[in-house]
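Position one of the sequence shown corresponds to residue 30 (my numbering), numbered consecutively onward.
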Amino acid sequence: MQSMKIALLLPPEKGRIISLKPTFPLGIGYIKALCERNRIHCDLFDFSATELTTEKLIMKYDLKAYDIIGISSYSLIFDQTALFIDQLKDRNNIIIVGGHHASLAGDKILKDFPKVDFAIRGLGEYSFLFFVINFGTSRMYKTPGLIYRDNHNIIKENSTYNVKFDLDKIPFGNREDIIYDFNNKKLIDVSQKVLTICSSRGCPYNCSYCVNCKSNYWLARSVENVLAECKLEFGKLKYRCVSFIDDNFFVNPLRAKRIIEELRKLYPNIEISFQTRSDQIVNNKTTIIELANSGKLHISLGIESNSNEVLKRYNKQTDNKINQKAIDILRSCNIDISVFIIMFEALESLRDIRISFDFLKNNNLCNYDTRENLYQTLIPFYGTTYYNKYHQFYEGSIHGKSVPKFVNSDVSSLYHAMCQFQNEYDVSLSSLVLSISEKEPNSGENRLDLFFFIHIEYAVFEYFLTMSEKFGVCSYDEFKKSKLCKLLDNKIKKYYRHINYN
30 MQSMKIALLL
40 PPEKGRIISL
50 KPTFPLGIGY
60 IKALCERNRI
70 HCDLFDFSAT
80 ELTTEKLIMK
90 YDLKAYDIIG
100 ISSYSLIFDQ
110 TALFIDQLKD
120 RNNIIIVGGH
130 HASLAGDKIL
140 KDFPKVDFAI
150 RGLGEYSFLF
160 FVINFGTSRM
170 YKTPGLIYRD
180 NHNIIKENST
190 YNVKFDLDKI
200 PFGNREDIIY
210 DFNNKKLIDV
220 SQKVLTICSS
230 RGCPYNCSYC
240 VNCKSNYWLA
250 RSVENVLAEC
260 KLEFGKLKYR
270 CVSFIDDNFF
280 VNPLRAKRII
290 EELRKLYPNI
300 EISFQTRSDQ
310 IVNNKTTIIE
320 LANSGKLHIS
330 LGIESNSNEV
340 LKRYNKQTDN
350 KINQKAIDIL
360 RSCNIDISVF
370 IIMFEALESL
380 RDIRISFDFL
390 KNNNLCNYDT
400 RENLYQTLIP
410 FYGTTYYNKY
420 HQFYEGSIHG
430 KSVPKFVNSD
440 VSSLYHAMCQ
450 FQNEYDVSLS
460 SLVLSISEKE
470 PNSGENRLDL
480 FFFIHIEYAV
490 FEYFLTMSEK
500 FGVCSYDEFK
510 KSKLCKLLDN
520 KIKKYYRHIN
530 YN
């Protein structure tokens with residue numbers, strides 16, 4: 030069987046500004062590790078940050094020499110992934126896709142993209158292994174979660190698929206055995222400082238827009254298994270931070286506490302980062318205080334909105350009082366906070382947006398690393414509860430980033446003004462913040478200018494929001510005449526003259 034060549038890869042993501050080198054792709058990394066434990070070799074590629082065309086990627090890595098190519102993609106970029114597959118597919122290879130989009134819309138993928146041969150719904154490790162072991166036999170079609178075409182080109186699907194198994198039995202991925210393709214001169218490599226760990230899968234909550242809403246399982250690795258992977262990786266590099274990339278690390282607070290406490294014993298000075306919900310902070314205040322006292326923490330909260338009306342539509346089971354209590358608890362413990370907000374949803378009012386923006390502003394949460402909040406639209410993923418109820422308020426393919434058809438014209442005007450600003454200034458602002466941060470950021474004038482560039486997008490948002498509230502419409506032309514815009518343009522020109530001079 031190993032005469033077959035097998036590749037597992039992340040496809041290119043075009044049109045997105047990427048400043049950090051990709052971290053190890055844990056999902057397909059675990060699939061590769063399980064296959065290799067069973068003596069099936071796979072080559073692992075991450076093309077997410079490539080600058081090459083698909084044609085050049087195929088030639089550079091001889092991708093058409095592979096018999097089976099497994100591709101992990103997600104809803105926002107699947108239309109791009111399909112274009113990549115169009116050039117990659119030939120009559121001698123098999124293309125099989127997995128990931129959240131395949132789990133939600135696998136039958137639609139096979140219907141809309143004839144060059145995709147198979148899709149796998151659910152957790153992919155054991156399903157992909159089963160598929161490869163039984164490839165070319167009738168038993169292959171018994172792969173859990175497999176979506177395929179029969180001899181009459183009818184799309185069929187195995188109703189049973191993997192959403193539950195013992196995560197401790199999955200071997201750790203080999204983080205050195207991978208090929209990345211990216212421009213090393215343009216991207217910052219934090220992989221030597223930050224260790225990413227996935228300690229659990231899924232989330233037991235039922236937020237209406239979330240990819241987990243249809244199967245609200247939560248699977249957790251044992252504390253011992255998580256620590257074993259950390260020890261293995263710390264034996265190779267001296268990391269400064271352990272970042273848990275779980276959908277919700279704090280589902281079981283006692284388990285989370287034990288993991289963090291054991292890591293603190295092993296590596297006393299490291300920072301620990303994870304994501305959770307505001308109600309879990311409020312309901313476990315004592316545990317949060319104890320963890321804060323043990324060392325540096327960074328906690329990301331999926332607030333999504335501070336409007337109670339919107340939160341009900343999202344089925345968040347939180348409210349603005351819970352959100353504020355969570356921030357107050359974290360602030361009292363001196364914990365670093367990042368907050369994620371979906372600022373634009375098709376049904377929102379300007380008042381909803383004002384409530385969320387003021388929540389950020391009044392709590393000093395206007396951070397540079399979460400500035401995307403100011404442009405973030407809700408994406409109704411196919412198959413979710415939100416999609417089933419409200420997809421008529423969005424336009425575009427289910428295989429890409431859909432666009433809201435706002436029910437309120439003032440919200441639409443605000444959104445499009447912010448998009449114009451982002452299109453004109455995003456590249457300049459990103460490069461200037463990076464440039465100043467790397468060169469004497471604490472010198473007097475540089476410090477003030479860095480503060481300005483970090484927060485200018487929030488000031489512009491406030492400008493447009495106030496204009497919308499007063500006049501019911503935003504004018505980008507009026508903004509271009511404003512003192513705020515002239516100040517921004519002058520500062521950008523000053524720094525670019527300095528950069529060009531040097």
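All C-beta atoms in this analysis are idealised placements derived from N, C-alpha and C, irrespective of residue type, glycine included.
Proximity to residue i [Cα-Cα], best of the options
i, options, result
"Leu86", "Pro282, Pro41 and Lys294", "Pro41"
"Leu394", "Ser457, Met447, Asn344 and His484", "His484"
"Asp119", "Thr315, His130 and Asp146", "Asp146"
"Phe201", "Phe373, Lys354, Leu55 and Asn396", "Leu55"
"Asp506", "Phe450, Leu359 and Arg68", "Phe450"
"Ser228", "Lys267, Leu73, Thr172 and Phe279", "Phe279"
"Ile114", "Leu105, Ile98 and Ser104", "Ile98"
"Phe480", "Phe493, Val489, Val462 and Leu39", "Val462"
"Glu491", "Asp478, Ser237 and Tyr404", "Tyr404"
"Lys198", "Cys64, Lys341, Tyr90 and Leu494", "Cys64"
"Phe194", "Arg230, Ser104 and Lys222", "Arg230"
"Lys534", "Asn187, Glu80 and Ala94", "The displayed coordinates of the chain run from 30 to 531. Any statement about residue 534 would go beyond what the structure contains."
"Val126", "Leu175, Leu73 and Phe373", "Leu175"
"Ser188", "Asp136, Phe500, Glu377 and Leu266", "Asp136"
Residues bridged to residue i [DSSP beta-bridge criterion]
i, result
"Ala36", "Asp72 and Ile98"
"Leu248", "Arg230"
"Gln304", "Ser329"
"Cys51", "It should be pointed out that residue 51 corresponds to Pro in this sequence rather than to Cys. Pro51 is not bridged to any residue."
"Val368", "Leu330"
"Val145", "Val145 is not bridged to any residue."
"Phe107", "Paired residues: none, contrary to the question."
"Phe373", "Thr406"
"Ile87", "None; Ile87 has no bridge partner."
For residue j and residue i, the rounded distance between their alpha carbons
i, j, result
"Asp210", "Leu158", "26 Å"
"Asn182", "Lys140", "10 Å"
"Lys512", "Glu498", "20 Å"
"Tyr177", "Ile184", "6 Å"
"Thr305", "Lys468", "34 Å"
"Ile371", "His420", "16 Å"
"Asn163", "Met169", "5 Å"
"Ser156", "His327", "35 Å"
"Asn531", "Asp478", "Any answer about Asn531 is weak, because its pLDDT of 45 lies below 50 and its placement is not dependable; what the coordinates show is given next. Approximately 18 Å between the Cα atoms of the pair."
"Glu205", "Met88", "23 Å"
"His129", "Lys510", "45 Å"
"Ala131", "Leu320", "37 Å"
"Ile106", "His428", "7 Å"
"Arg380", "Cys448", "20 Å"
"Lys43", "Lys294", "42 Å"
"Tyr454", "Asn392", "26 Å"
N- and C-terminal bounds of the alpha helix (DSSP H) containing residue i
i, result
"Phe493", "Gly473 to Phe500"
"Val462", "Ser438 to Glu467"
"Leu359", "Asn349 to Ser361"
"Val339", "Asn337 to Tyr343"
Contact with chain D by residue i, beta-carbon distance below 8 Å
i, result
"Asn392", "The structure shown contains no chain D; it holds only a single protein chain."
Start and end residues, beta strand (DSSP E) containing residue i
i, result
"Val126", "Ile123 to Gly127"
Any non-hydrogen atom of the ligand GDP within 7 Å of residue i CB
i, result
"Leu133", "Looking at this structure, you won't find the ligand GDP or any other ligand, since it has none at all."
#### Entry: alpha helix (DSSP H) runs wholly inside the region 150-230, at least 4 long, in chain order
With a minimum length of 4 residues, the unbroken runs of alpha helix (DSSP H) contained wholly in the region 150-230 fall at 154-162.
### Query
Considering only residues of the region 271-303, which uninterrupted alpha helix (DSSP H) runs meet the minimum length of 4 residues and lie entirely inside it, listed in chain order?
Counting whole runs of 4 or more residues, the region 271-303 contains the alpha helix (DSSP H) stretches 282-295.
### Query
At what residue ranges does the region 388-435 contain a whole run of the alpha helix (DSSP H), taking only runs of 4 or more?
The qualifying runs are 414-419.
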